[in-house]
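S.K.:
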Amino acid sequence: MSRDLPPLNALRAFEAAARLQSISRAAEELHVTHGAVSRQVRMLEEELGIALFSKDGRGVKLTDAGQRLRDAAGDAFERLRSAYADLQKRSEDAPFVLGCPGSLLARWFIPRLDRLNRELPELRLQLSASEGELDPRRPGVDATLCFAEPPWPADMRVFELAAESIGPVLSPRYARHDVLVRAAPAALLDEALLHTVSRPQAWPQWAAAQGLDPGRLRLGQGFEHLYYLLEAAVAGLGVAIAPQQLVADELASGRLIAPWGFVETPARLALWVPARQLDRRAERLALWLREELTGR
Numbered sequence: 001m002s003r004d005l006p007p008l009n010a011l012r013a014f015e016a017a018a019r020l021q022s023i024s025r026a027a028e029e030l031h032v033t034h035g036a037v038s039r040q041v042r043m044l045e046e047e048l049g050i051a052l053f054s055k056d057g058r059g060v061k062l063t064d065a066g067q068r069l070r071d072a073a074g075d076a077f078e079r080l081r082s083a084y085a086d087l088q089k090r091s092e093d094a095p096f097v098l099g100c101p102g103s104l105l106a107r108w109f110i111p112r113l114d115r116l117n118r119e120l121p122e123l124r125l126q127l128s129a130s131e132g133e134l135d136p137r138r139p140g141v142d143a144t145l146c147f148a149e150p151p152w153p154a155d156m157r158v159f160e161l162a163a164e165s166i167g168p169v170l171s172p173r174y175a176r177h178d179v180l181v182r183a184a185p186a187a188l189l190d191e192a193l194l195h196t197v198s199r200p201q202a203w204p205q206w207a208a209a210q211g212l213d214p215g216r217l218r219l220g221q222g223f224e225h226l227y228y229l230l231e232a233a234v235a236g237l238g239v240a241i242a243p244q245q246l247v248a249d250e251l252a253s254g255r256l257i258a259p260w261g262f263v264e265t266p267a268r269l270a271l272w273v274p275a276r277q278l279d280r281r282a283e284r285l286a287l288w289l290r291e292e293l294t295g296r
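Each residue of the sequence shown is one higher than the one before, counting from 1 in the UniProt record's numbering.
Structure follows, in structure tokens:
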């Protein structure tokens, strides 16, 4: 059985013109020109081999065939509008699932979660933490917040939120604190540095930015995840390296200090959303995150 449909753009133009009883008003509604609507209607008439409108003074009126097609098209488009609105409402009523590395979630996101829920209650945010490789395309996740380097894939809408800056941090409780806070960055070449297997390039990246030979770095205690690395630094076990955003609260409270500051990397903290499922909640969340991160 043939399931051929009429040209849908032409049918949409005809439905608007028939419903509004005006080619000009249809053009305004569809944000196209009068001529574009006329051409689409003429295409339908040529496909059918019958007239759908006839002249009526300066305007037009529907023929019997036009009235029949108007009734069918109007009913179909109204059902589509209703179904689309219902699906959109169901989507926005469902929780918005955000994937996020556990370290970022624990050290930056959760301390701000109460404020986010107050300011964006419509999100009904549900968090999904992971310390492994985050896949922003995995089913069941609406968006993913993570550090990554461009270029961005074509099938993702990526909201860049802030540049990543990394730097060494240590606790005032660390045994060599008093010596290191007065020393140049090169002093860290003599330290057994705390590090994480999830970000092996962090120390070499920082050393290169300081003009130091990354090959001279000495790595001490390693940790599987950044969260544990920073807990070790807070406990005074040594010097760690981390993105500035993840230690902002500890720096503000004095639990950690950053004597040598931070250097910007090519990575960006960004919100990744599959382009096929982008909704308005993702855009609102991206705006909130950007304001929270930059103060703007």
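Backbone N, C-alpha and C fix where the C-beta goes; we use that ideal spot for every residue, glycine too.
Note that the structure is a prediction, hence the values are computed from the model and not measured.
Can the beta-carbon of leucine 48 be found closer than 8 Å to that of threonine 63?
M.R.: Going by C-beta atoms, leucine 48 is not nearer than 8 Å to threonine 63.
S.K.: In the DSSP assignment, the alpha helix (DSSP H) including phenylalanine 14 goes from what residue to what residue?
M.R.: Segment 8 to 20, the alpha helix (DSSP H) holding phenylalanine 14.
S.K.: Got a sec, what are the start and stop residues for the alpha helix (DSSP H) histidine 177 sits in?
M.R.: Here the alpha helix (DSSP H) through histidine 177 covers 177 to 180.
S.K.: Here's the rule: buried if 16 or more other CB atoms are within 10 angstroms of the residue's CB, otherwise exposed. What is valine 197?
M.R.: Valine 197 should be labelled exposed.
S.K.: What residue range is occupied by the uninterrupted alpha helix (DSSP H) comprising proline 111?
M.R.: 110 to 119 is the span of the alpha helix (DSSP H), which, as asked, contains proline 111.
S.K.: Around the C-beta of aspartate 142, are 16 or more other C-beta atoms found within 10 angstroms, so that it is buried, or is it exposed?
M.R.: Burial call: buried.
S.K.: Flag this pair as yes or no: are the beta carbons of residue 366 and alanine 270 separated by less than 8 Å?
M.R.: The requested residue 366 is not part of the displayed model; the chain covers only 1 to 296.
S.K.: Count the other C-beta atoms from every protein chain shown that fall within 10 angstroms of the C-beta of serine 82, then say buried if there are 16 or more, exposed otherwise.
M.R.: Exposed: under 16 other Cβ atoms inside 10 Å.
S.K.: By a C-beta neighbour count over all protein chains shown, 10 Å radius and 16 as the cutoff for buried, is histidine 195 buried or exposed?
M.R.: Counting Cβ neighbours within 10 Å, histidine 195 comes out buried, since at least 16 surround it.
S.K.: What ranges does the alpha helix (DSSP H) occupy inside the segment 161 to 201, keeping only unbroken runs of at least 4 residues that lie completely in it?
M.R.: Counting only runs of 4 or more, we get 177 to 180.
S.K.: Output the distance between the C-alpha atoms of arginine 280 and leucine 123, rounded to the nearest integer angstrom.
M.R.: Answer to the nearest angstrom: the Cα atoms are 10 Å apart.
S.K.: Output the distance between the C-alpha atoms of arginine 79 and proline 139, rounded to the nearest integer angstrom.
M.R.: Answer to the nearest angstrom: the Cα atoms are 29 Å apart.
S.K.: By how many angstroms is the C-alpha of aspartate 155 removed from the C-alpha of asparagine 117?
M.R.: For asparagine 117 and aspartate 155, the distance between alpha carbons rounds to 29 Å.
S.K.: Let me know if isoleucine 50 comes out buried or exposed under the rule of 16 or more other beta-carbons within 10 Å of its beta-carbon.
M.R.: So isoleucine 50 counts as exposed.
S.K.: May I ask you to report which of helix, strand or coil DSSP gives leucine 293?
M.R.: Helix at leucine 293.
S.K.: Could you name the residues of the same chain whose beta carbon sits closer than 7 Å to that of methionine 1, not counting the 5 residues immediately before and after it, in chain order?
M.R.: Bear in mind that a pLDDT of 34 at methionine 1, under 50, signals an unreliable position, so the model cannot answer this.
S.K.: Does DSSP put alanine 240 in a helix, in a strand, or in coil?
M.R.: In this structure, alanine 240 counts as strand in the three-state DSSP scheme.
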